[in-house]
Structure formats: structure tokens, C-alpha cells
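Right, one structure below, let's go through it.
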Amino acid sequence: MARFYRSDWGRIFLFALAQAIVIAGVVTATSQRWAMRQAARALPPLREQAIVLPPLYDCPWMVTEEQLEATLRKVFPRYRVPEPKINHVDHALRFWGPDAVFDDPQALSGAEMRDILLNHECFMKVWPTAPPYLEQGKEGLTIRTQEGLSTASHMDHSLASISETGIRRDYPVISPEGPTTFQELFETSLKEFSLDQMEYEWSILAYTLFLPPTTSWITSEGQEVNFDILAERLMRETLPAGVCFGNHRLHSLVTILRVDAEVTPLLRDKTRKLCMRFLTLVCQQLTKSQHPYGCWDGEWVNGQPSKASLKKGDSAIFDDTLRDQLVATGHALEWLAWAPEEVLPPREVLTRAAQWFVRTIEKMEPDKLRENYAYASHGAHALALWRKTEPAPFMKTRLKISKVSEAVTAQPPAAPSEHKSPKPEGT
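Numbering (the working numbering), first residue to last: 9 to 435.
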């Protein structure tokens, strides 16, 4: 039988103590690494209020004030009806803003549109039998998407549309479970975001408006994300891939460039130059592919208008061909109004596009315009931006001098005297 002497017990004690110290060190190091990973994956902080970018250009040769008023009146948000299409409501809110008021009793005010989207009780008044628009998901409060007319049309579309209005992060939101804030909706998007998700345009747009000066963070999947990576993601796929012939990708890209230039640096110089080269090539394709009447269509990236567009010409019959033209032209005019001057197409190209849009909206019957409101809203917003204004402030001074629901007839603006791109006012 083995005997243990005092010296043996001492050696055993020292060995056990050494093992305990080693184990404690390993546990501590592991805990620290876990804590560091968790800290790295913490959600980036939100700004108190989303960035609001002002219009850049005033180009009276593109659209007259009379034409702008006539066009805006035709796209009043006339959704004081049961079950208004939510995709049209969020488009109208980003277009008109939360402070908009109208002299048409069928038009919802900006505040009413915002309430439909962010107050469950108001949503249920117009969609009493539909499932909630705001719902509790795995990561928190989220927006029901692509499940019918009472839901958002694309991932984070409503989130970005509301962010574009300059909403505060602490804006009160009433969900089916009770009161919360817009921040919870936004943070759910951040938790769910992946660089590989199918629709990413609106997520990137919303993050561009609410996250700076934060420029990088770690997703819940452990992906490192920064605005260089996001800009490259927007340029990676071959155009016109993406929603609305790729125009939403371009809108998000020019928004990143504007925030980078006007608010706080977001991009490396290499990425910034890459974005400018990319947009220059895009605008060259737009110049080559413009229809003789001024519009673009779904084949704009090929450098020529589609054969169907050329065959139908300036037809006032609203079919799939004209719908594609409305989508492509309205969206392009809008993001171009946000783009740097040095990449813009020539002045006459922009003027032809604006005048085509004015003529098209003027000819559209109310039911067709209502059916295609989302597309029309982008182009109408663009016309206001090209006159260095926003729709609601422009119309506010005209509500008392115009008759309700009566369109204003106007002559096209004078032809430009110079064949070059517009410059910002004062330059």
C-alpha cells in the first residue's frame, strides 16, 4: 500500500493549483474573447434623426412651375378609401412628407399616411380584416412584407421610405403589442441584414440616412460591413438587375455619395472614384439609349431603346410598354437629381426626359394613374427636385389660389440655350 508523505501532498497541491490557474486563465481568455465578439457585433448606434438631403439643382428649362403644379396635382395621394394599397401609401409618404396637406378632400395628409404605417390602431381602421402590418418577428418588431396589398412591397422599402422623411429614432410607434419607437423597427432590420440578401437596396438606403457618422459594424452573421462594402455591393450586379430596372441601386449609391460629401466621410478615396466612374458609364448609357421622344425603358442599359418603344412612339395608350417607360424614366430622373454634376447627361437629355414625363402624366386617366401611383410618384418627385424644391412646400403656397382637383394647363419651358449639364444654383 502506497504511503503519501508530506512532501508528496505538497507536490500534489502545487500541481492542482497550477492546473486551476491554467483553467481559470483559459476560461477568462475565452470569456474575454466572447465578450469582445459580442461587443463587435453590437448594433451600431442610430442618429437622433435621419439625414435629410436638400435638392441640388434649379433647372427651369426642364419643367416650368405651371407644369410642376399640374403634375403634382394629378398625383395627390387620393387614398381616403377603404383598404388603400400600402405600397402606394409608403410611396406617397416619402414623396410628400409628413407635413403635407391638400385642398382635395380625398387626399390623405402626410400625418395620416404616417399614422397608417406606424400606428396599428390607424392601420386597422383602413384594413380592419387584414393581419397586422407591424408584427413581432424573431428579432423584434418588423414590417410584414410581400404578403398582399396590405403589406410592404419589398424588404425594408417602408423602413427606407419613412427614413427619407427625416423621422426621429424616438418617434412613437404603436404596435399590436403596445407602444415602442421607430428605433426598434430599425434595429430589427440591422439584426436581420445580410450582404447576400436578395433585396438590399432599401436596407442600404436606410442605413445611409440613419447610421453615419458610424461607418462600420459587424452583422449578426459575423460579417464586417462598411460603406465601401455597401457601395461595392450596389455596383456588383450587372445592370439592369434589381428592382425597377436597377434604378433603386443607383438611388442608394448616389445617396451614399451625397452623405459622404455633405455630411460626414463614409468612403475611401478609391471607392469614391470607383463610384464616380460607374455613374459616368451609367449616364453615358442613358444618353445613348434615350427614346427620341425623351423616355427610357427596361432596355436602357443596352445603349438603345427597345424595339417595342420605338414602334409605339409617344402613344397615350397605357400598356406594358408605356408602364416600363414610366418606371425607367421617372426613377432615373429622380436619382439623377441627386447625382454629382460631373456625371450628369447633357442638359437636353434631361429636358427631353422631364417633358416626356409631364406629357405622359397629363394624358393618363385617373384610374390608370391610381393603378401606377408608385411609379408616377418617383418622376413627379424628380420634377420638384429639378426645380430645387420638394412637392409639399411647393404646393403649400398654391393651395389657396388653385381650384380643387382642377389641373393647370401650361406651355413647355423654353428650349435650353446651352448643350451641357445643369449646374447647381449659384455656380
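Glycine included, every Cβ here is placed at the ideal spot set by N, Cα and C.
As the structure is a computational prediction, the values presented were derived from the model and not from experiment.
Review point. Among the residues of its own chain, which have a CB less than 7 Å from the CB of residue 171, if the five just before and after it don't count?
Key: The residue labelled residue 171 in the question sits at position 163 within the sequence shown. Close CB contacts of residue 171 within its chain, under the 7 Å cut and outside five residues either way in sequence, are with 58, 214, 217, 218 (chain order).
Review point. What did DSSP end up calling residue 271 once you bin it into helix, strand or coil?
Key: Within the sequence shown, numbered from 1, the residue matching residue 271 stands at position 263. Correct three-state label for residue 271: coil.
Practice item. Measure from the alpha carbon of residue 148 to the alpha carbon of each residue in 137, 187, 199, 99, then state which is nearest. Key: The residue labelled residue 148 in the question sits at position 140 within the sequence shown. Looking from the CA of residue 148, the closest CA among 137, 187, 199, 99 belongs to 199.
**Study point:** residue 189 versus residue 258: straight-line alpha-carbon distance, rounded
**Key:** Locating residue 189 in the sequence shown gives position 181, where the first residue counts as 1. Locating residue 258 in the sequence shown gives position 250, where the first residue counts as 1. The straight-line gap separating the alpha-carbon atoms of residue 189 and residue 258 is approximately 30 Å.
Check your understanding: DSSP three-state call for residue 109: helix, strand or coil?
Key -> Position 101 of the sequence shown, counted from the first residue, corresponds to residue 109. Note: residue 109 maps to coil in three-state DSSP.
Review point. Applying the criterion that 16 or more other CB atoms from any shown protein chain within 10 Å of the CB defines a buried residue, is residue 180 buried or exposed?
Key: In the sequence shown, the residue the question calls residue 180 occupies position 172. Exposed, by the Cβ-count rule.
Review point. Among all the DSSP beta bridges, which residues are the ones paired with residue 187?
Key: For the purposes of this step, residue 187 is taken as residue 179 along the sequence shown, with counting starting at 1. DSSP, once it has assigned bridges, lists 182 as partnering residue 187.
Check your understanding: So residue 242 and residue 260 are in contact, right, with Cβ under 8 Å, and what is the actual spacing, rounded?
Key -> Stepping through the sequence shown from its first residue, residue 242 is reached at position 234. Stepping through the sequence shown from its first residue, residue 260 is reached at position 252. At roughly 6 Å, the Cβ-Cβ gap stays under 8 Å, so residue 242 and residue 260 are in contact.
Point to revise | Distance, residue 301 Cα to residue 178 Cα | key: As a working mapping, residue 178 is identified with position 170 in the sequence shown. As a working mapping, residue 301 is identified with position 293 in the sequence shown. Rounded to whole angstroms, residue 178 and residue 301 show a C-alpha spacing of 47 Å.
Review point. Excluding sequence positions up to five away, which residues of its chain have a Cβ less than 6 Å from the Cβ of residue 209?
Key: For the purposes of this step, residue 209 is taken as the residue at position 201 of the sequence shown. Closer than 6 Å at Cβ, skipping near neighbours: 256, 257, 260.
Exercise for review: For residue 338, name the three-state secondary structure that DSSP assigns.
Suggested key: The residue labelled residue 338 in the question sits at position 330 within the sequence shown. In the structure shown, residue 338 sits in a helix (DSSP, three-state: H, G or I).
Practice item. Taking residue 143 as the reference, give the member of 112, 197, 289 with the closest Cα. Key: Translated into positions along the sequence shown, residue 143 becomes position 135. Closest by alpha carbon: 197.
Exercise for review: Express the C-alpha separation of residue 186 and residue 286 in angstroms, rounding to a whole number.
Suggested key: Walking along the sequence shown from the start, residue 286 turns up at place 278. Walking along the sequence shown from the start, residue 186 turns up at place 178. Whole-angstrom Cα-Cα distance: 46 Å.
Point to revise | Other residues of its chain near residue 414: CB distance less than 6 Å, five sequence neighbours each side excluded | key: Numbered from its first residue, the sequence shown carries residue 414 at position 406. In this prediction, residue 414 has a pLDDT of 40, which is less than 50 and means its spatial position is unreliable; what the coordinates show is noted afterwards. So no residue of the chain qualifies.
Check your understanding: Looking at the structure shown, is residue 143 part of a helix, part of a strand, or coil, going by DSSP?
Key -> If you number the sequence shown from 1, residue 143 lands on position 135. Three-state result, residue 143: strand.
Review point. What distance in whole Å lies between the Cβ atoms of residue 141 and residue 94, which are believed to be in contact at a cut-off of 8 Å?
Key: Along the sequence shown, one-based indexing puts residue 94 at 86. Along the sequence shown, one-based indexing puts residue 141 at 133. Confirmed, about 6 Å.
Practice item. With a floor of 4 residues, list each alpha helix (DSSP H) that falls wholly inside the region 77 to 139, ordered by position along the chain. Key: Taking only runs of at least 4 residues, the alpha helix (DSSP H) segments lying wholly in the region 77 to 139 are 94 to 104, 118 to 126, 128 to 134.
Practice item. Note the first and the last residue of the continuous beta strand (DSSP E) segment covering residue 351. Key: As a position in the sequence shown, residue 351 is number 343, starting the count at 1. Premise fails: residue 351 is in no beta strand (DSSP E) and is neither H nor E.
Check your understanding: So residue 88 and residue 116 are in contact, right, with Cβ under 8 Å, and what is the actual spacing, rounded?
Key -> Indexing the sequence shown from 1 puts residue 88 at position 80. Indexing the sequence shown from 1 puts residue 116 at position 108. Their Cβ separation, rounded to whole angstroms, is 6 Å, which keeps residue 88 and residue 116 in contact under 8 Å.
Check your understanding: Are residue 294 and residue 342 touching if we call contact CB-CB under 8 Å?
Key -> For this step, residue 294 is matched to residue 286 along the sequence shown. For this step, residue 342 is matched to residue 334 along the sequence shown. The Cβ atoms of residue 294 and residue 342 do not sit closer than 8 Å to each other.
Exercise for review: Pull up the DSSP beta-bridge partners for residue 234, would you.
Suggested key: For this step, residue 234 is matched to residue 226 along the sequence shown. Residue 234 pairs with 224.
Check your understanding: For residue 195, which residues from the same chain have a beta carbon less than 6 Å from its beta carbon, with the 5 sequence-adjacent residues on both sides left out?
Key -> Here residue 195 corresponds to residue number 187 of the sequence shown, with the count starting at 1. Only 51 meet the Cβ criterion.
Review point. Of the residues 234, 80, 221, which one's Cα is nearest the Cα of residue 203?
Key: Working through the sequence shown from its first residue, we reach residue 203 at position 195. Of the candidates 234, 80, 221, the one whose C-alpha sits nearest the C-alpha of residue 203 is 234.
Point to revise | Contact under 8 Å by Cβ, residue 222 with residue 53 | key: Taking the first residue of the sequence shown as position 1, residue 222 is located at position 214. Taking the first residue of the sequence shown as position 1, residue 53 is located at position 45. Result yes, Cβ atoms of residue 222 and residue 53 sit closer than 8 Å.
Exercise for review: Just the C-alpha distance for residue 372 and residue 340, rounded to the nearest angstrom, thanks.
Suggested key: Within the sequence shown, residue 372 is the residue found at index 364, counting from 1. Within the sequence shown, residue 340 is the residue found at index 332, counting from 1. Inter-residue distance for residue 372 and residue 340 is about 20 Å (C-alpha atoms, whole angstroms).
Check your understanding: The alpha helix (DSSP H) spanning residue 387 covers which residue range?
Key -> The residue given as residue 387 occupies position 379 in the sequence shown. Where residue 387 is concerned, the enclosing alpha helix (DSSP H) stretches over 381 to 394.
Check your understanding: Do residue 65 and residue 396 come within 8 Å of each other at the CB atom, strictly closer than that value?
Key -> Locating residue 396 in the sequence shown gives position 388, where the first residue counts as 1. Locating residue 65 in the sequence shown gives position 57, where the first residue counts as 1. A distance below 8 Å separates the beta carbons of residue 396 and residue 65.
Check your understanding: Just the Cα atoms here: how many angstroms apart are residue 337 and residue 137?
Key -> The residue given as residue 337 occupies position 329 in the sequence shown. The residue given as residue 137 occupies position 129 in the sequence shown. Spanning the two alpha carbons is a distance of roughly 37 Å.
Check your understanding: Is the Cβ-Cβ distance between residue 162 and residue 251 less than 8 Å?
Key -> Indexing the sequence shown from 1 puts residue 162 at position 154. Indexing the sequence shown from 1 puts residue 251 at position 243. Judged by their CB atoms, residue 162 and residue 251 are nearer to each other than the 8 Å cut-off.
Review point. Hey, quick one: how far does the beta strand (DSSP E) through residue 405 stretch, first residue to last?
Key: For the purposes of this step, residue 405 is taken as residue 397 along the sequence shown, with counting starting at 1. It is not in any beta strand (DSSP E) - residue 405 carries neither H nor E in the DSSP assignment.
Check your understanding: Taking the DSSP output, what are the residues bridged to residue 151?
Key -> In the sequence shown, the residue the question calls residue 151 occupies position 143. DSSP, once it has assigned bridges, lists 142 as partnering residue 151.
Exercise for review: Please work out which residues of its chain come closer than 7 Å, Cβ to Cβ, to residue 134, disregarding the five sequence neighbours upstream and downstream, and give them in chain order.
Suggested key: Locating residue 134 in the sequence shown gives position 126, where the first residue counts as 1. Here the set comprises 90, 91, 92, 124.
Practice item. State the Cα-Cα distance for the pair residue 331 and residue 307, rounded to the nearest angstrom. Key: Translated into positions along the sequence shown, residue 331 becomes position 323. Translated into positions along the sequence shown, residue 307 becomes position 299. C-alpha separation (whole angstroms): 13 Å.
Review point. Helix, strand or coil: how does DSSP classify residue 257 here?
Key: Within the sequence shown, the letter at position 249 stands for residue 257. Helix.
Practice item. Taking the CB atoms as reference points, tell me whether residue 442 and residue 166 lie closer together than 8 Å. Key: What is shown of the chain runs 9 to 435, which leaves residue 442 out entirely.
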